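Take a look at the structure set out below.
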Amino acid sequence: MKDYLIRVMTTNKEIRALAVNSTQVVSNAQQAHATTPVATAALGRALSAALLMGSMVKTGHETGLKIIGDGPLQKIIAEANHYGEVRGYVANPEVDFITNQAGKLDVARAIGEGELFVYKNMGLKEEYESSVPLVSGEIGEDITYYFSKSEQTPAAVALGVLVDTDCSVKAAGGFIIQLLPEASEETIEQLEKNLAEIKSVSKLIDQGLSPEELLEKVLTGFKFRVLAEREVAYQCKCDRERTKSLLVSLGQQEIEEIVAQEGQVEIRCHFCGEVYSFEEAEVEELFTKVKSMNQLD
Ligand SMILES: [Zn+2]
């Protein structure tokens, strides 16, 4: 099954919902970063959430999640745009296998206590950032809390990644359900009842449920209309030119020292693992160009 997401609205206009199958996305991320199972689960949940939240921003805008915790994973970044492109990484992809008492991957313990930041890049380099403390470290609950606290929209967020015994990704995805201001008491009660029935979103995806079928389950008793459907993919936006500006920001002296020692300088993209290497001549040319541009200022 192809990875895609859908955005729907109930016909009574009381609930907005999104669901995604991100199995291939998370699998690509797992391979790019060689993440251990608990790191895969954490990164995969963050990537799935970023995809769902990315589809809620306007065309051309981007959104990202940054989770900073005191657990061994340290930091998770996931960012997505309106077009269904997402990328991300964890600071420590090699974190040891951690399971909880139920024998499940313990994402909360791997993340620890900390903070969730949500940023929105609305073009023109304007970044809007807000943060909430982590309430559980399970990511889904933390984003639920973010919606109620920062966006003042009651929401239910479920995210899941099923990792196979060989560390590969069996299933991944999730949903976000938002109650609109018109929601009645009956709607809220029915929705709560439906949500209580859903034990594991990743298992449902593993059973073959599509995003539509997932929402049919969550929205039992409601009719809904699909407003948008979009393919999603793990897609990095790094390139050689952007990497050059990173070199410049690191400073001429530091870069030249590395080149003198190693004969070249290598920059590895955090998001996709791509390595860009620059030889002495290219580094020299770059800083000469920067210098002449600075003189023009
Ligand atoms: Zn990259």
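Reminder that position 23 of the sequence shown reads as 910 in the working numbering, one-by-one numbering, no gaps.
Positions of the beta carbon are idealized from the N, C-alpha and C atoms, including for glycine.
All values derive from a computational prediction rather than experimental measurement.
Taking 7 Å as the cut-off, is the C-beta of residue i nearer than that to any heavy atom in ligand 1?
i: F1158; result: yes
i: E1161; result: yes
i: C1054; result: no
Looking at the secondary structure, which residues open and close the beta strand (DSSP E) in which residue i lies?
i: I1145; result: Run containing I1145: none in the beta strand (DSSP E); it sits in the alpha helix (DSSP H), Q1139 to E1149.
i: Q1065; result: V1056 to L1066
i: V977; result: E972 to V977
i: L1003; result: G1001 to N1008
i: L1114; result: F1111 to E1118
i: A1042; result: A1042 to V1050
i: P959; result: Unbroken run through P959: none, as it is neither H nor E.
i: V1019; result: E1014 to P1020
i: F1165; result: V1162 to E1166
i: M888; result: First-last for M888: undefined, no H or E at that position.
Could you give the first and the last residue of the continuous alpha helix (DSSP H) run that contains residue i?
i: A928; result: P924 to G941
i: G1027; result: G1027 to S1037
i: V913; result: T910 to H920
i: N1081; result: E1072 to E1084
i: I1092; result: V1088 to D1093
i: L1101; result: P1098 to V1105
i: A995; result: V994 to I998
Measuring alpha carbon to alpha carbon, tell me which of the options ends up nearest residue i.
i: N908; options: T923, Y1006 and R932; result: R932
i: P959; options: A967, E966, V1105 and P980; result: P980
i: A1042; options: I1063, A1070, Q988 and E1171; result: I1063
i: K1176; options: K1131, H1157, E1141 and L952; result: K1131
i: Q1139; options: Q1065, E1167 and V977; result: E1167
i: L1049; options: T927, S1179, A919 and A921; result: T927
i: Q917; options: D1053, D1029, L905 and E1144; result: D1053
i: I1026; options: L934, P1068 and L1102; result: L934
i: A936; options: T923, G971 and D957; result: G971
i: V1146; options: C1159, L1134 and H1157; result: L1134
i: C1123; options: F1158, D1093 and L1096; result: F1158
i: T923; options: D1051, E1014 and L1003; result: D1051
i: G941; options: G956, K953 and H969; result: H969
i: I893; options: A1083, L939, H920 and V925; result: L939
i: Q1077; options: Q1065, L1106, L1102 and E1069; result: L1106
i: T1031; options: L1066, A1058, E1128 and K889; result: L1066
i: G956; options: H920, V994, A921 and F1109; result: V994
i: C1156; options: T1040, G947 and V977; result: V977
i: Q961; options: L1003, N1008 and E1038; result: L1003
i: M943; options: Y1006, T986, I954 and N987; result: Y1006
i: E1079; options: K1104, T946, G1095 and C1125; result: K1104
i: Y1033; options: A906, A921, L952 and A919; result: L952
Given a cut-off of 8 Å on the beta-carbon distance, is the pair residue i and residue j in contact?
i: V895; j: V1113; result: yes
i: G975; j: L930; result: yes
i: S1035; j: E901; result: no
i: A967; j: V982; result: no
i: S1164; j: E1153; result: yes
i: S1087; j: G1047; result: yes
i: V1044; j: G1060; result: no
i: E1118; j: Y891; result: yes
Between residue i and chain B, is there a C-beta pair that is closer than 8 Å?
i: L1067; result: Protein chains in the displayed structure number just one, and chain B is not present.
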